[in-house]
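Line by line, the protein sequences give chains A and B.
Per my numbering, the first sequence starts with residue 1, numbered consecutively.
Per my numbering, the second sequence starts with residue 62, numbered consecutively.
Heads up, the thing below is written out as structure tokens.
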Amino acid sequence: MRYKAKASYKKLNNDKNFLAQGDYQKHNTLMVGAWVDIDDPPKALLEHLTKEQKKTKGDNE
Amino acid sequence: MAYETNFQPSKEVNLVFGTEATLGTATVAGGTWNQYPVTDFSLEHPSVPLEVAATKSGKLVRGDWQAVHRPDTASYSVDVTFKGTTTTIIMLMAALFESTSSAYKLQGTYNPPNWKHGGSFTTPKTLLFENAGSDNTNMDLLLTSCVCTSMTLSQDGGTESGQLVASTTWWTGYQPTETALTPDAYTIDVGQPKSIFDLDEPTLDSEVLQVMSWSITAARSVERVSYKDVSTFVPYGYAMSGDWEVTGELVVKRDDSITDLASPMKGGAAVSLTIAESTAANFSITCGTVKIDNSKPEVGESFLTQTIPFQAFYDSGTAADAGDLFSLTIAN
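What follows is the structure, given as structure tokens:
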């Protein structure tokens with residue numbers, strides 16, 4: 001699934017965000033506001049991430 | 062005086078990797094150690110380069126005053142070849158791209174850690190070569206805070222039983238030490254390497270290719286930052302001194318698919334490469350934006366093959382420059 005950072009993610013200390021796991025790639029990409037593929041997001045971070053909604057048939061762009 | 066009697070059987074050298082917490086501090090015996098399926102390696106030694114200053118005018122020979130050892134510029138690197146098991150590849154993704162959770166990626170947003178001596182970093186590794194020390198008692202060789210600077214992933218139906226191979230280079234700005242260090246325990250990776258024969262129709266520009274072999278190399282250069290003092294000459298830290306270069310090569314059966322790739326071979330738009338097993342979650346590599354670099358036919362086998370060299374880039378059209386150069390998913 002793809003996730004985007006909420007504003008609250010950008011305010012987290014480095015011992016709470018993806019840097020705490022050594023994952024500079026995901027952190028850097030979230031910080032610039034882009035979508036990130038995260039297969040198994042840490043539970044503690046879920047409230048700070050927005051999950052991409054799957055488009056259903058008939059949805060407009 | 063007499064010859065020393067100790068010697069070092071090369072097959073008795075055992076390489077184990079320690080998880081670090083602090084740049085410049087090696088993993089301790091009670092730390093976290095892993096043994097990965099290593100098939101080949103090179104070694105380093107506590108040694109520094111010699112620099113010779115200019116010779117005085119009128120002299121045609123060099124005096125010893127000109128020659129100075131330069132521990133302040135010394136860096137060390139070793140090559141290590143692994144079998145491509147899931148656990149090993151996940152470790153390498155962290156050490157190489159600082160990407161520690163799936164999907165493992167190198168993206169246009171990449172920025173290296175601010176590797177500062179004494180700072181908290183978990184992706185550099187301690188490399189402990191057990192039984193590689195030259196001393197009778199300090200029998201082990203320890204490399205501290207090694208960063209992975211290059212990795213080639215490859216599979217070839219004609220060699221290594223088609224198994225995935227990871228050829229890597231590890232670099233450190235800290236002088237190796239010969240020591241006696243025995244980890245209290247280490248975890249052995251007993252996984253099976255991924256096989257080329259499990260691939261499911263690799264595609265380039267959505268064109269299915271019969272791949273005989275493939276390789277992808279991601280490489281960067283890292284350098285030490287000066288020195289903190291003139292006793293240990295440890296660096297202030299590390300800095301990347303060049304950009305990532307992601308290149309690769311496919312060797313495929315030469316057939317109608319080659320004709321269908323005419324456009325990207327002759328200057329068309331960048332295309333996507335996917336190498337995956339039928340269950341992509343188990344093994345999948347995608348380079349979303351590659352350009353083909355002078356593809357040629359080969360006449361070595363009973364049938365013709367085509368070599369397709371390529372280079373991967375990030376898609377500059379992706380929002381926030383977040384396009385993937387390289388994306389890997391691996392499990393089981």
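Built from N, CA and C at the ideal position, the CB exists for glycine as well.
In angstroms with no decimal places, state the Cα-to-Cα distance between residue i and residue j.
i, j, result
"residue 322 of chain B", "residue 331 of chain B", "11 Å"
"residue 136 of chain B", "residue 235 of chain B", "7 Å"
"residue 52 of chain A", "residue 5 of chain A", "11 Å"
"residue 296 of chain B", "residue 130 of chain B", "16 Å"
"residue 152 of chain B", "residue 243 of chain B", "22 Å"
"residue 309 of chain B", "residue 185 of chain B", "25 Å"
"residue 61 of chain A", "residue 54 of chain A", "Because the pLDDT at residue 61 of chain A is just 43, under 50, the model does not fix this residue reliably, and the value given afterwards should be weighed accordingly. So the alpha carbons of these two residues sit roughly 12 Å apart."
"residue 73 of chain B", "residue 192 of chain B", "7 Å"
"residue 8 of chain A", "residue 75 of chain B", "46 Å"
"residue 387 of chain B", "residue 373 of chain B", "8 Å"
"residue 250 of chain B", "residue 144 of chain B", "10 Å"
"residue 197 of chain B", "residue 203 of chain B", "15 Å"
"residue 157 of chain B", "residue 324 of chain B", "33 Å"
"residue 172 of chain B", "residue 256 of chain B", "32 Å"
"residue 164 of chain B", "residue 17 of chain A", "17 Å"
"residue 245 of chain B", "residue 200 of chain B", "16 Å"
"residue 370 of chain B", "residue 343 of chain B", "25 Å"
"residue 339 of chain B", "residue 221 of chain B", "22 Å"
"residue 150 of chain B", "residue 113 of chain B", "42 Å"
"residue 378 of chain B", "residue 146 of chain B", "34 Å"
For residue i, write down the residues that DSSP places opposite it in a beta bridge.
i, result
"residue 130 of chain B", "B:111"
"residue 51 of chain A", "A:3"
"residue 79 of chain B", "B:94, B:187"
"residue 177 of chain B", "B:298"
"residue 137 of chain B", "B:233"
"residue 18 of chain A", "None, per the DSSP bridge assignment."
"residue 40 of chain A", "Partner(s): none; residue 40 of chain A has no beta bridge."
"residue 228 of chain B", "B:142, B:213"
"residue 86 of chain B", "Answer is none; residue 86 of chain B lacks a bridge partner."
"residue 249 of chain B", "B:96"
"residue 260 of chain B", "B:338"
"residue 265 of chain B", "B:268, B:334"
Between which two residues does the alpha helix (DSSP H) containing residue i stretch?
i, result
"residue 7 of chain A", "7-10"
"residue 24 of chain A", "24-31"
Please report the residue range of the beta strand (DSSP E) in which residue i lies.
i, result
"residue 427 of chain B", "This structure gives no information on residue 427 of chain B, because the portion of chain B shown stretches from 62 to 393."
"residue 201 of chain B", "201-217"
"residue 95 of chain B", "94-96"
"residue 389 of chain B", "385-391"
"residue 239 of chain B", "238-240"
"residue 165 of chain B", "165-168"
"residue 100 of chain B", "99-102"
Is any heavy atom of the ligand ADP found at a distance shorter than 7 Å from the C-beta of residue i?
i, result
"residue 346 of chain B", "Judged by which ligands are present, the structure shown has none, so any question about the ligand ADP falls away."
Please go through the region 330-376 of chain B and give each complete alpha helix (DSSP H) segment of 4 or more residues, from N-terminal end onward. none
Interfacial residues, the region 64-95 of chain B to chain A, with Cβ spacing under 8 Å: none
Restricting to runs no shorter than 4 residues, where is the alpha helix (DSSP H) found entirely within the region 269-334 of chain B? 317-321, 323-326
Taking any Cβ of chain A, which residues in the region 146-162 of chain B have a Cβ under 7 Å from it, in chain order? 155, 158, 159, 160, 161, 162
Near-chain A residues of the region 183-196 of chain B (beta-carbon distance less than 7 Å), N- to C-terminal order: 183, 184
Give me the subset of the region 32-45 of chain A whose CB atoms are less than 9 Å from a CB atom of chain B, sorted by chain position. 32, 33, 34, 35, 36, 37, 38, 39, 40, 41, 42
At a Cβ cut of 7 Å, what residues of the region 1-16 of chain A count as close to chain B, listed as they run along the chain? none
Members of the region 354-382 of chain B near chain A, C-beta cut-off 9 Å: 379, 380, 381, 382
Please list, in chain order, the residues of the region 233-264 of chain B that have any C-beta partner in chain A closer than 9 Å. none
Anything in the region 312-344 of chain B with a Cβ closer than 9 Å to a Cβ of chain A? List those residues in chain order, please. 342
Residues of the region 261-292 of chain B with a CB closer than 9 Å to any CB of chain A: list them in chain order, please. none
Please list, in chain order, the residues of the region 118-132 of chain B that have any C-beta partner in chain A closer than 8 Å. none
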